[in-house]
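Encoded as structure tokens, the structure appears first; notes follow it.
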Amino acid sequence: MVRLNLKKAAYLQRKLSELVITKDMFNKPIKYIAGVDVAYRKKYAIGVAYILDYDKVEPLTYSVYIVESKVPYIPTYLAFREIWPMAGALLKLKIKPDITLVDSHGLIHPRGFGAATHLGVVLNLPTIGVAKSPLVGKVDKDGYIHVNNKRVGYKFSPKLYISIGHRVSLESAIEIVKHVLRNSIPEPTRLAHIKANEMKYKISME
DNA sequence: GCGACAG
DNA sequence: ATCTTGTCGC
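The opening position of the first sequence corresponds to residue 1254 in this note's numbering, with each subsequent residue numbered one higher.
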């Protein structure tokens, strides 16, 4: 297991956060939307990217990328652990998504650079963060989440936190996530999560 | 110093 | 997130 240099990692997050775009810079109308998630099995990290038709909200195809997991999970540094499995799966897709939902926070992060944002900036892809539990920030009476005096996210429910990832406005992020909701759960990441767990048992040795 | 802390 | 079976409830 690698040990992160938290000092440098935090510096990188703060530095790269200057590149985040919080305006809509994705293809309209959206035709393809992706959902990415990572599961773990022994020494392996299994990244899955699922592509769905945006209008119909129906699955089209998916890709799997398995790699050895060497970075530990440390709160607020999740991206360093999951970015390669996620990026590997995304880059294997034959259909390029217009926007991607990531199972983590985007700008709802102490240094404004959660995993969803990190992935978006590194791959220069429009991303939205969809997490199941809070990390930081204050929720106002309307449900909006503020971090460092900036409105960057929205608490849709106690189990769903939406935030700007990269190249998308908060308003659009909320609208897009609502569009692909199925039983209060975003369908793209739900399918990616199911597939990633399914793949865990298809790994032969250890 | 103490507690909290995405997946 | 992972390690793990059955079981309670709508």
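Every residue gets a Cβ at the ideal spot worked out from N, C-alpha and C, and that includes glycine.
Since the structure is predicted, the reported quantities are computational estimates derived from the model, not experimental observations.
Pairwise C-beta distances place the region 1410-1420 out of contact with the region 1256-1268, as fewer than three of them are shorter than 8 Å. Assigned with DSSP and collapsed to three states, residue 1256 falls in coil, not helix or strand.
In this structure, the alpha-carbon of residue 1277 lies about 32 Å from that of residue 1324. Taking the Cα of residue 1385 as reference, the smallest distance to any Cα among 1366, 1437, 1334 is reached at 1437.
Annotation: the continuous alpha helix (DSSP H) that includes residue 1343 extends over 1331-1345. Around the C-beta of residue 1440, 16 or more other C-beta atoms lie within 10 Å, and the residue is accordingly described as buried. Burial check for residue 1308: the Cβ neighbour count within 10 Å stays below 16, so the residue is exposed. For residue 1404, the enclosing beta strand (DSSP E) covers residues 1403-1410.
Taking a contact as a CB-CB distance under 8 Å, the pair residue 1376 and residue 1405 does not count as one, their CB atoms being some 20 Å apart. For residue 1417, the three-state secondary structure derived from DSSP is strand. According to DSSP, residue 1316 shares a beta bridge with 1302.
Here residue 1383 carries a strand assignment [DSSP, helix/strand/coil]. Residue 1445 has its alpha-carbon roughly 10 Å from the corresponding atom of residue 1355.
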